[in-house]
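>
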Amino acid sequence: MMKILELKDNFIRFSIDGITPAIANSIRRTLINDIPKLAIENVIYHHGEIRDADGNVYDSSLPLFDEILASRIGLIPLKTDLSMNFRDECSCGGKGCDLCTVTYSINKLGPGMVYSSDIMPVNNPELTVTDPLIPIVELKKNQAMLVTCEAILGRGKEHAKWQATSGVSYKYHRNFHVNKAALDNWQFYKDTCPKSVLSENDTTILFTDDIPCSYLSQLMERDGVVVEEDSTKFIFKFET
1 MMKILELKDN FIRFSIDGIT PAIANSIRRT LINDIPKLAI ENVIYHHGEI RDADGNVYDS
61 SLPLFDEILA SRIGLIPLKT DLSMNFRDEC SCGGKGCDLC TVTYSINKLG PGMVYSSDIM
121 PVNNPELTVT DPLIPIVELK KNQAMLVTCE AILGRGKEHA KWQATSGVSY KYHRNFHVNK
181 AALDNWQFYK DTCPKSVLSE NDTTILFTDD IPCSYLSQLM ERDGVVVEED STKFIFKFET
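Residue numbers (UniProt numbering): 1 to 240.
1. Hey, out of Ser166, His173, His46, Trp186, whose CA is closest to Thr203's CA?
2. Under the criterion of a Cβ to heavy atom distance below 7 angstroms, does Ser196 qualify as lining the ligand MN?
3. Any idea what DSSP makes of Arg222, helix, strand or coil?
4. Helix, strand or coil: how does DSSP classify Phe65 here?
5. Taking Cβ to Cβ, would you say His47 is nearer than 8 angstroms to Ser61?
6. Residues in the same chain with beta-carbon distance under 6 angstroms from Lys195, minus the five sequence neighbours each way, listed in chain order, please.
7. Taking contact to mean at least 3 C-beta pairs separated by less than 8 angstroms, is the stretch 4-18 in contact with the stretch 219-239?
8. Quick check on DSSP: helix, strand or coil for Asp191?
9. Alpha carbon to alpha carbon, what distance is there between Glu228 and Gln163?
10. On the DSSP bridge list, what partners appear for Gln143?
Pasting the structure below:
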């Protein structure tokens with residue numbers, strides 16, 4: 001059974017019980033490798049002179065190698081539409097169309113820093129970058145960046161830019177059985193970690209660190225505390 005313990009816009013913590021360590025590791029690998037995600041695959045540079053509306057001339061020869069910039073741009077996280085087709089499975093035969101490809105552009109005049117927010121969607125305005133403040137390259141005076149990008153669906157097993165999750169980890173569910181008579185300040189742990197209390201009676205209080213509380217780690221070294229791990233219940237967490 002799966003239970004969500006904590007859920008935010010870009011973070012989740014959940015528990016799964018009744019599984020083996022091998023299955024837990026398979027879930028971890030699946031979360032890293034097999035979830036579809038949109039990422040920029042092709043970067044097309046427009047080199048040469050660029051003129052603005054006032055007739056000023058800019059040079060689009062950039063201060064970094066094209067390959068380095070393409071790698072940086074490809075790793076910028078984008079919003080994903082899972083209704084899209086994989087390009088190699090699309091009815092266009094892999095040529096690229098609105099069903100499998102999202103086009104972006106960067107049109108920036110120096111001086112100034114080019115940020116991820118300068119990556120603008122052309123054919124699907126909803127699929128913007130998720131973090132607008134990632135620096136890409138700094139332009140000097142009379143430098144410009146004019147780039148067209150193509151993003152497609154992929155999976156993490158193909159390239160890290162298609163990893164939909166990061167920091168995927170898991171651990172055993174763990175209980176702390178505290179003997180009240182042997183631990184004078186048990187009330188302190190109850191007050192500071194209220195979400196970690198599973199049960200309590202006159203002689204014993206039971207904690208778990210499924211939802212982290214920094215003070216609970218101290219209990220492992222205290223007398224009157226029995227730590228019990230459940231090898232069939234796992235606590236997962238990751239960011240997106």
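C-beta: ideal position from N, C-alpha, C; glycine also.
Considering the structure as presented:
1. Trp186
2. Looking for the ligand MN in the displayed structure turns up nothing, as the structure carries no ligands at all.
3. coil
4. coil
5. yes
6. Correct list, in chain order: Ile211.
7. yes
8. helix
9. Cα to Cα, Gln163 sits roughly 34 angstroms from Glu228.
10. Asp59
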